[in-house]
Amino acid sequence: MALERLQKVIAEAGIASRRKAEKMIVAGRVRVDGQVITKLGTKVDSFSNITVDDEPIERASLHTFLFYKPRGVVSTASDDKGRKTVVDYFADIPYRLYPIGRLDYDTSGLLLMTNDGELANLLMHPKNKVAKVYVAKISGHLLPEEINKLTHGVEIDHYKTAPAKVKIIRSDKAKNTQIVQLTIHEGHYHQVKEMFKAVNHRVEKLARERYSFLDLHSLTSGQYRELSHAEVDRLKQVD
Ligand code: URA
1 MALERLQKVI AEAGIASRRK AEKMIVAGRV RVDGQVITKL GTKVDSFSNI TVDDEPIERA
61 SLHTFLFYKP RGVVSTASDD KGRKTVVDYF ADIPYRLYPI GRLDYDTSGL LLMTNDGELA
121 NLLMHPKNKV AKVYVAKISG HLLPEEINKL THGVEIDHYK TAPAKVKIIR SDKAKNTQIV
181 QLTIHEGHYH QVKEMFKAVN HRVEKLARER YSFLDLHSLT SGQYRELSHA EVDRLKQVD
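Laid out in structure tokens, this is it:
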């Protein structure tokens, strides 16, 4: 198990905010394996016995799952229209999981589910430009200047999208559709659909096939697997 800062572990156990946990440490209220620790930044592992005011703390166990979200499922914990939610797939898991970001009801693909708020905040923070790879079936065929626009940024709702990567996977002349892979580092609402709309193409089908270094390898729609500590640690290093 990775070593973690004492104040973080106390905060994750729900005892106090991280700042208050720091004050508790400095005030000599915290013991690790029986020893009073007053130095901030002291690292502990999952076997360390931690007490605050001589009361053992209940260590939070943090879990993150990689989920292959099916189409026709909402990315919230509950839905006022009674539709199936991503959380419904984790009924047997005894933690309160929530999605890191969202995929639309009609979008399938890779969605991370976690009870680790800090990881979720880290990955969703705009400054940490996590790469997300989507595959879209669009109406019509992209013209070179449209590819250029998507690559350099298009105007959506008063902002310009950051540089993106566009790769044509397949073109169907008869149906006048195209399969396009789009790599973006942002996560605005309906961003992929809006980007194609900005160059006059409609997204008919959308899937996310990659999130950072993770892909859906070996999973089928509706399945999930837990990430290893090594994978979570690698995610924390954000792209
Ligand atoms: N962009 C979209 O338009 N929809 C999604 O579900 C994800 C990204």
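In the numbering used here, the protein residues as written are 1 to 239. Cβ coordinates follow ideal geometry from the N, Cα and C atoms, glycine included.
Please go through the same chain and pick out, in chain order, the residues whose beta-carbon is closer than 8 Å to the beta-carbon of residue i, but skip the five residues on each side of it.
{"i": "residue 237", "result": "none"}
Keeping to the same chain, check which residues put their C-beta closer than 7 Å to that of residue i; ignore five residues upstream and five downstream.
{"i": "residue 223", "result": "68"}
{"i": "residue 101", "result": "124 and 187"}
{"i": "residue 18", "result": "7, 8 and 11"}
{"i": "residue 48", "result": "32 and 33"}
{"i": "residue 79", "result": "85"}
Going by other Cβ atoms of all chains shown within 10 Å of its Cβ, with 16 needed for buried, is residue i buried or exposed?
{"i": "residue 132", "result": "buried"}
{"i": "residue 11", "result": "buried"}
{"i": "residue 116", "result": "buried"}
{"i": "residue 22", "result": "buried"}
{"i": "residue 109", "result": "buried"}
{"i": "residue 35", "result": "exposed"}
{"i": "residue 218", "result": "exposed"}
Rounded C-beta distance between residue i and residue j? I'm assuming under 8 Å.
{"i": "residue 139", "j": "residue 204", "result": "6 Å"}
{"i": "residue 164", "j": "residue 182", "result": "6 Å"}
{"i": "residue 232", "j": "residue 103", "result": "Not really, about 20 Å apart at Cβ, beyond 8 Å."}
{"i": "residue 190", "j": "residue 142", "result": "Not a contact, Cβ separation roughly 19 Å."}
{"i": "residue 58", "j": "residue 13", "result": "6 Å"}
{"i": "residue 75", "j": "residue 122", "result": "Not confirmed; about 19 Å, so no contact."}
Hey, would you say residue i sits closer than 8 Å to residue j, going by beta carbons?
{"i": "residue 105", "j": "residue 208", "result": "no"}
{"i": "residue 52", "j": "residue 40", "result": "no"}
{"i": "residue 249", "j": "residue 85", "result": "Lying before the first or after the last residue shown, residue 249 is absent from the chain, which here runs from 1 to 239."}
{"i": "residue 136", "j": "residue 166", "result": "no"}
{"i": "residue 225", "j": "residue 90", "result": "no"}
{"i": "residue 38", "j": "residue 28", "result": "yes"}
Residues in its own chain within less than 6 Å of residue i by CB, not counting five upstream and five downstream?
{"i": "residue 221", "result": "68 and 70"}
{"i": "residue 160", "result": "153"}
{"i": "residue 31", "result": "51"}
- Message: Restricting to runs no shorter than 4 residues, where is the alpha helix (DSSP H) found entirely within the region 145–217?
- Response: Positions of the alpha helix (DSSP H) runs, each at least 4 residues long and wholly inside the region 145–217, are given as 191–198 in order along the chain.
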